[in-house]
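For reference, the structure is listed below as structure tokens.
Numbering (my numbering), first residue to last: 11 to 468.
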């Protein structure tokens with residue numbers, strides 16, 4: 011009997027040939043997109059998104075009107091009308107963690123009172139418990155090398171444990187969403203611990219979450235073998251979670267949530283679809299690219315403090331001669347923001363504090379230099395419809411690296427935060443009972459007659 015490896019090696023050339031045929035059948039002349047005014051990526055030629063819905067949940071500000079003309083401005087991000095910068099500053103001033111109250115704000119439209127927040131935290135902790143034997147039977151038995159795969163599979167499996175999974179009434183969907191918000195850290199981190207044990211041969215640690223800890227603290231508590239962390243580490247991770255929770259209805263994974271929800275499918279299917287979107291390197295995996303790009307930069311630049319050397323490397327990136335040869339400087343530029351990404355601006359001061367605490371001052375100085383030089387170089391080299399600046403991914407991967415978090419959890423950490431935004435948008439889509447989302451695609455091929463088998467080429 012042939013081995014599986016031999017069978018695959020024999021079939022590979024055939025599959026490759028079929029793929030070439032599929033590609034030839036699917037290729038579309040790029041000029042046709044212009045001729046038919048197709049909004050590729052649901053954006054116009056200036057990068058502005060096509061208006062497909064309305065939302066109360068968040069607002070992204072990147073332009074202002076001057077004399078009837080929209081001009082770029084420093085970016086601002088609002089959750090339910092409140093500037094996210096003020097939310098974070100308020101939590102820091104009061105010396106408390108903000109993820110939970112920001113979750114309340116995004117779900118229910120206003121900041122909670124002290125008693126409401128206490129009750130909400132208790133409810134989240136009530137849901138922070140996986141079904142009996144779920145870790146053993148679902149996570150441990152088939153550990154994946156990709157934690158986003160583990161997360162999606164775990165979410166879909168929870169459908170089987172739900173006594174009322176298909177009910178799309180708001181109370182039931184809210185219950186499901188609050189449960190997923192509470193469980194995402196457990197499913198992702200336990201998935202990593204299983205991978206680290208079974209694939210990497212390291213010791214297995216399964217810690218039980220604590221009711222007296224915030225979500226950010228519990229993430230570090232569950233992940234680290236000794237469950238230890240500093241106050242600054244936990245507070246910076248809390249800031250990370252708040253900044254990644256929500257970013258408008260049009261980002262790819264949130265639009266996916268609206269799209270799938272509009273079919274009235276169940277919550278687990280809708281959220282699994284959003285996870286699949288976030289898993290893509292064009293969406294949730296960008297911070298990994300930034301970290302790896304900087305690792306390559308640090309190896310290939312002898313004097314990190316030398317502007318000329320750094321500039322030469324950045325030009326090599328754009329020329330497709332450095333790092334992954336993709337011609338990109340990762341972490342610079344955004345679909346909406348031009349002058350600045352407010353999340354990156356908020357992050358920057360905290361990142362500097364952590365870099366000093368962790369002994370990464372030299373690395374931080376290099377990041378700071380690239381943040382200054384890269385937008386100038388890109389603007390000089392590329393035809394731009396708007397300005398560019400560093401985005402939140404530019405700093406988030408560096409933060410996770412300084413926190414000693416494994417690369418495998420970078421995108422799941424994004425998901426642990428963005429599940430809140432997905433939940434809020436799913437509830438909003440259902441509350442407004444909108445139509446099923448169905449944009450148009452224009453067929454461009456001719457109609458041709460069917461050819462009987464005996465008349466086709468041999």
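Note that beta-carbon positions come from the ideal geometry of N, C-alpha and C, so glycine has one too. As the structure is a computational prediction, the values presented were derived from the model and not from experiment.
Listed in chain order, the beta strand (DSSP E) elements of length 3 or more contained wholly in the region 20-70 amount to none. Fewer than three pairs of CB atoms, one per stretch, sit closer than 8 Å, so the region 257-268 makes no contact with the region 173-186.
Counting only unbroken stretches of 3 or more residues, no beta strand (DSSP E) element lies wholly within the region 84-153.
Between residue 252 and residue 200, the beta carbon gap of about 24 Å keeps them out of contact (Cβ cut-off 8 Å). By the C-beta criterion, the region 105-121 is judged to be in contact with the region 82-96, since at least 3 inter-stretch pairs fall below 8 Å. In this model, residue 274 and residue 48 are separated by some 28 Å (Cα to Cα). The C-beta distance from residue 137 to residue 198 rounds to 16 Å, too long to fall under 8 Å, and the pair is not in contact. In the pairwise beta carbon analysis, the region 371-380 is classified as touching the region 310-328: at least three pairs are separated by under 8 Å. For a cut-off of 8 Å, the C-beta gap from residue 352 to residue 81 is around 17 Å, too long to register as a contact.
For residue 74 and residue 85, the gap between their C-alpha atoms comes out near 10 Å.
Put simply, the region 426-436 does not touch the region 401-416. Fewer than three CB pairs are less than 8 Å apart. For residue 306, the uninterrupted alpha helix (DSSP H) segment begins and ends at 296-310.
Judged by pairs of C-beta atoms under 8 Å, the region 237-244 does not touch the region 39-48, as fewer than three such pairs exist. Sequence-distant Cβ neighbours of residue 388 in its own chain, meaning closer than 6 Å and more than five residues away, are 398.
Contact annotation: residue 455 and residue 300 have beta-carbon atoms that are not nearer than 8 Å. Its chain contains 203, 235 as the residues whose beta carbon lies nearer than 6 Å to that of residue 215, once the 5 sequence neighbours on both sides are disregarded; these appear in chain order. Secondary structure at residue 243: helix, using DSSP grouped into helix, strand and coil. In this structure, residue 158 lies near residue 422, with their beta-carbon atoms less than 8 Å apart.
Setting aside the 5 residues that flank it on each side, residue 294 is surrounded in the same chain by 288, 421, 424, each with a C-beta closer than 6 Å to its C-beta; the list follows chain order.
Separation of residue 211 and residue 196 (C-alpha to C-alpha, rounded to the nearest whole angstrom) is 21 Å. Under DSSP, residue 79 takes part in a beta bridge, and its partners are 76.
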